[in-house]
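Numbering of the sequence shown is given in the working numbering, commencing with residue 39 and proceeding in unit increments. Ideal placement from N, C-alpha and C gives every residue a C-beta, glycine not left out.
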Amino acid sequence: FVAALAALTAPAVMADITVRFDGVQPQPEYTFEYGYISDLVKPRQERPSSARDVATVKDNSFFIRTLPDGSAQYMIMMPGRQYIPVYTSPGEDLTVTVTAESPLAYRVEGSQLMADIADLDTRATALSAKAAALMQNGGAAEDLAGLEKEYNKMFTDYIAANPKSQAVPYAVMMLSGQDFIDAYDAMTPEAAVSPLFPVVEAQRAYVERQMEAERRKVALESGNVEAPDFTFADMEGKNVSLSDFRGKWVIIDFWGSWCPWCIKGFPKLKEAYARYAPKLEVLGVACNDPRDAWEKAVRKYELPWVNVYNPGQGGGKVLEDYAVEGFPTKVIVNPEGKIVNITSGENPAFFDLLDKLLK
Numbered sequence: 039f040v041a042a043l044a045a046l047t048a049p050a051v052m053a054d055i056t057v058r059f060d061g062v063q064p065q066p067e068y069t070f071e072y073g074y075i076s077d078l079v080k081p082r083q084e085r086p087s088s089a090r091d092v093a094t095v096k097d098n099s100f101f102i103r104t105l106p107d108g109s110a111q112y113m114i115m116m117p118g119r120q121y122i123p124v125y126t127s128p129g130e131d132l133t134v135t136v137t138a139e140s141p142l143a144y145r146v147e148g149s150q151l152m153a154d155i156a157d158l159d160t161r162a163t164a165l166s167a168k169a170a171a172l173m174q175n176g177g178a179a180e181d182l183a184g185l186e187k188e189y190n191k192m193f194t195d196y197i198a199a200n201p202k203s204q205a206v207p208y209a210v211m212m213l214s215g216q217d218f219i220d221a222y223d224a225m226t227p228e229a230a231v232s233p234l235f236p237v238v239e240a241q242r243a244y245v246e247r248q249m250e251a252e253r254r255k256v257a258l259e260s261g262n263v264e265a266p267d268f269t270f271a272d273m274e275g276k277n278v279s280l281s282d283f284r285g286k287w288v289i290i291d292f293w294g295s296w297c298p299w300c301i302k303g304f305p306k307l308k309e310a311y312a313r314y315a316p317k318l319e320v321l322g323v324a325c326n327d328p329r330d331a332w333e334k335a336v337r338k339y340e341l342p343w344v345n346v347y348n349p350g351q352g353g354g355k356v357l358e359d360y361a362v363e364g365f366p367t368k369v370i371v372n373p374e375g376k377i378v379n380i381t382s383g384e385n386p387a388f389f390d391l392l393d394k395l396l397k
């Protein structure tokens, strides 16, 4: 990193990203993270941390000096937890013009790659804002599904209309599951020379793992699979096994004190526990947590159910056994010890299903 900064003083490779604001009142400062794409796609244990810096606005603009020795990624943080992704090649001078803040809209000059990405990202952000508003106002599921379909179609239409564009890998990155795999496999040689190809190539392995986990999850919650047993220690050091609760309905709550969505779900989980105990037990399994942080969180949030600590690095085998893709993950096990549902994320539909099962 120090060597890269020193290299920036060489006039022959100097280039800038200029960010200016048109009809938008800027903040005094903007934080951005950046790094070489070749570093970003390294295995996690070898990957250097992205550098972070702050740019000061003057005359409605600020500047970022670009890295000189290869293609790079810059993430410019904007209000409302939004960001502008910028991808550069050595020697490129780009101008980013922010035209709206909520939802974020911008255009880019100086690179056809970035011009296309800016257009796609601005349209995608507008659709995401519509979806967020629908969710906040209790919109119908079919309306949300329609927006998701429109979102995916926007990227697939771009790929079909511009098969040789260097922005195709970016469009592929925005897809998921089989849509991602199909678009990746159909990329032209011209699209594959994009600076972003290494990113989408690395993402393919992740998508394949995710799809395999989803297939396994569907198989697990068929109602025919016995929940894999496990044993962890509780707050007093006593070993607790899932099989100890055979004959009861059980919610296994995989969570961590570091996970805000896990904590956000505790009130609804407490309501369900109070409503259905003693025929329902909740077994909280803390993952990827320092033990003292787990114990502190159990006391702070006054969790009334059985709580155990999973010491396994990266979550250990139990997360693989239950196809846990993220946190929180809640698993419903019936009194016969069979898995009937696995829900990833904080989803209100989980409690609707629980009510149907237990009533």
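Note to self: Can you tell me whether S76 is helix, strand or coil according to DSSP?
What the structure shows: Counting from one through the sequence shown, the residue named residue 76 turns up at place 38. In this structure, S76 counts as helix in the three-state DSSP scheme.
Next item on the list: Any chance you could list the beta strand (DSSP E) runs of at least 3 consecutive residues sitting entirely within the segment 298-343, in chain order?
Entry: 318-324
Margin query: Does the contact criterion of 3 or more C-beta pairs under 8 Å hold for the segment 333-343 versus the segment 309-324?
Written below: yes
Next item on the list: For D390, count neighbouring C-beta atoms within 10 Å of its own C-beta (all shown protein chains included) and say buried if the count is 16 or more, exposed if not.
Entry: For the purposes of this step, residue 390 is taken as residue 352 along the sequence shown, with counting starting at 1. By the 10 Å Cβ count, D390 comes out exposed.
Next item on the list: May I ask which residues mark the beginning and end of the beta strand (DSSP E) holding Y125?
Entry: Counting from 1 along the sequence shown, the entry for residue 125 is found at position 87. Note, Y125: beta strand (DSSP E), 120-126.
Notebook entry, point to check: Should the segment 265-275 be regarded as contacting the segment 360-380, the criterion being three or more beta carbon pairs within less than 8 Å?
Noted result: yes
Next item on the list: Report all residues from its chain with a CB closer than 8 Å to the CB of E384; omit the five preceding and five following residues, and keep chain order.
Entry: To locate residue 384, count along the sequence shown from 1; it is residue 346. The answer, listed in chain order, is W299, C300, K302, G303, P366.
Note to self: According to DSSP, is Y360 part of a helix, a strand, or is it coil?
What the structure shows: Along the sequence shown, one-based indexing puts residue 360 at 322. Reduced to three states, the DSSP call for Y360 is coil.
Check: Among L132, Q150, D157, L151, which has the Cα closest to the Cα of Y401?
Finding: Because the chain is modelled from 39 through 397, residue 401 falls outside the range shown and cannot be assessed.
Note to self: Given this structure, state the Cα-to-Cα distance separating D393 from Y74, to the nearest angstrom.
What the structure shows: Working through the sequence shown from its first residue, we reach residue 393 at position 355. Working through the sequence shown from its first residue, we reach residue 74 at position 36. Between D393 and Y74, the C-alpha separation is close to 50 Å.
Check: Based on Cα-Cα distance, which residue from V371, A205, S166 lies nearest to I289?
Finding: For the purposes of this step, residue 289 is taken as the residue at position 251 of the sequence shown. When each option's Cα is compared against that of I289, the closest is V371.
Next item on the list: Rounded to whole angstroms, what's the CA-CA distance from V95 to G108? Just pull it up for me.
Entry: Here residue 95 refers to the residue found at position 57 when the sequence shown is read from its first residue. Here residue 108 refers to the residue found at position 70 when the sequence shown is read from its first residue. For V95 and G108, the distance between alpha carbons rounds to 27 Å.
Note to self: Does V231 pass the burial test, meaning 16 or more other C-beta atoms within 10 Å, or should it be called exposed?
What the structure shows: The residue labelled residue 231 in the question sits at position 193 within the sequence shown. Result: exposed.
Check: Can you tell me the Cα-Cα spacing of D159 and Y189, whole angstroms?
Finding: For this step, residue 159 is matched to residue 121 along the sequence shown. For this step, residue 189 is matched to residue 151 along the sequence shown. Their Cα atoms are separated by approximately 11 Å.
Notebook entry, point to check: Using the C-alpha atoms, what's the distance from L185 back to K168?
Noted result: Within the sequence shown, the letter at position 130 stands for residue 168. Within the sequence shown, the letter at position 147 stands for residue 185. The alpha-carbon atoms of K168 and L185 are separated by roughly 8 Å.
Checklist line | A45 in three-state terms, based on DSSP | finding: Against the sequence shown, residue 45 aligns to sequence position 7. At A45 the pLDDT is 38, less than 50, meaning the model places this residue with poor confidence and gives no usable figure here.
Item checked: Helix, strand or coil at L213 according to DSSP, with G and I counted as helix -> In the sequence shown, residue 213 corresponds to position 175, counting from 1. Coil, per DSSP.
Item checked: C-alpha distance - V256 paired with L280, whole-angstrom precision -> Along the sequence shown, one-based indexing puts residue 256 at 218. Along the sequence shown, one-based indexing puts residue 280 at 242. In a straight line, the C-alpha of V256 is about 21 Å away from that of L280.
Notebook entry, point to check: Under 9 Å between the Cβ atoms of A221 and A209?
Noted result: Against the sequence shown, residue 221 aligns to sequence position 183. Against the sequence shown, residue 209 aligns to sequence position 171. Result yes, Cβ atoms of A221 and A209 sit closer than 9 Å.
Margin query: I'd like the list of long-range same chain contacts for F218, defined as Cβ closer than 6 Å, with 5 residues on each side in sequence excluded.
Written below: Reading the sequence shown from its first residue, position 180 is the one you call residue 218. Cβ within range, chain order: V245.
Margin query: Using C-beta distances below 6 Å, list every residue in its chain close to Q212, excluding the 5 sequence neighbours before and after it, in chain order.
Written below: Counting from one through the sequence shown, the residue named residue 212 turns up at place 174. Looking at the sequence provided, one finds Met at residue 212 rather than Gln. Answer for M212: F193, listed in chain order.
Item checked: Boundaries (first-last residue) of the alpha helix (DSSP H) holding T163 -> In the sequence shown, residue 163 corresponds to position 125, counting from 1. Per DSSP, T163 belongs to the alpha helix (DSSP H) from 150-174.
Next item on the list: Please list, in chain order, all residues of the same chain as R329 whose beta carbon is under 7 Å from its beta carbon, the five residues on each side excluded.
Entry: The residue given as residue 329 occupies position 291 in the sequence shown. Within the same chain, R329 has close Cβ partners Y347.
Next item on the list: Look at the Cβ atom of P349, then the Cβ atom of F292, and state whether they are nearer than 9 Å.
Entry: To locate residue 349, count along the sequence shown from 1; it is residue 311. To locate residue 292, count along the sequence shown from 1; it is residue 254. No.
Check: Whole-angstrom Cβ separation of W287 and P373, contact assumed at under 8 Å?
Finding: Start at 1 with the first residue of the sequence shown, and residue 287 comes out as number 249. Start at 1 with the first residue of the sequence shown, and residue 373 comes out as number 335. Confirmed, Cβ separation roughly 6 Å.
Margin query: Taking the alpha helix (DSSP H) that T194 belongs to, which residues open and close that run?
Written below: The residue labelled residue 194 in the question sits at position 156 within the sequence shown. Taken as a continuous stretch (DSSP letters only), the alpha helix (DSSP H) holding T194 covers 179-199.
Check: Using 9 Å as the limit for Cβ to Cβ distance, is T135 near chain C?
Finding: Among the protein chains of the structure shown there is no chain C, as only one such chain exists.
Margin query: Only counting the same chain, and skipping five residues up and downstream in sequence, which positions put a Cβ closer than 6 Å to that of D60?
Written below: Looking up residue 60 in the sequence shown gives position 22. These residues qualify, in order along the chain: T135, T137.
Next item on the list: Inspect the beta-carbon positions of R90 and T69 and report whether they are closer than 9 Å.
Entry: Position 52 of the sequence shown, counted from the first residue, corresponds to residue 90. Position 31 of the sequence shown, counted from the first residue, corresponds to residue 69. Their beta carbons are under 9 Å apart, which means R90 touches T69 by this criterion.
Note to self: Helix, strand or coil for F268? Go by DSSP, reduced to three states.
What the structure shows: If you number the sequence shown from 1, residue 268 lands on position 230. DSSP places F268 in coil when its eight states are reduced to three.
Item checked: Alpha-carbon to alpha-carbon, E180 and L142 -> As a first step, residue 142 must be located in the sequence shown, where it is residue number 104. As a first step, residue 180 must be located in the sequence shown, where it is residue number 142. Rounded to whole angstroms, L142 to E180 spans 25 Å at the Cα level.
Next item on the list: Using three-state DSSP, classify D291 as helix, strand or coil.
Entry: Stepping through the sequence shown from its first residue, residue 291 is reached at position 253. Three-state DSSP puts D291 in a strand.
Checklist line | Neighbour-count burial assignment, Q241, 16 or more Cβ in a 10 Å radius | finding: One-based indexing of the sequence shown puts residue 241 at position 203. Under this definition Q241 is a buried residue.
Notebook entry, point to check: Helix, strand or coil: how does DSSP classify R145 here?
Noted result: Sequence index remark: in the sequence shown, residue 145 carries index 107 (1-based). Strand, per DSSP.
Check: When we look at the beta-carbon of E259 and count the other beta-carbons within 10 Å, is it buried (16 or more) or exposed?
Finding: For the purposes of this step, residue 259 is taken as residue 221 along the sequence shown, with counting starting at 1. E259 should be labelled buried.
Next item on the list: Would you please state the rounded distance, in angstroms, between the beta carbons of P201 and L234? I believe it to be under 8 Å.
Entry: What you label residue 201 is simply residue 163 of the sequence shown in a count that begins at 1. What you label residue 234 is simply residue 196 of the sequence shown in a count that begins at 1. Incorrect: roughly 15 Å between the Cβ atoms, too far for contact.
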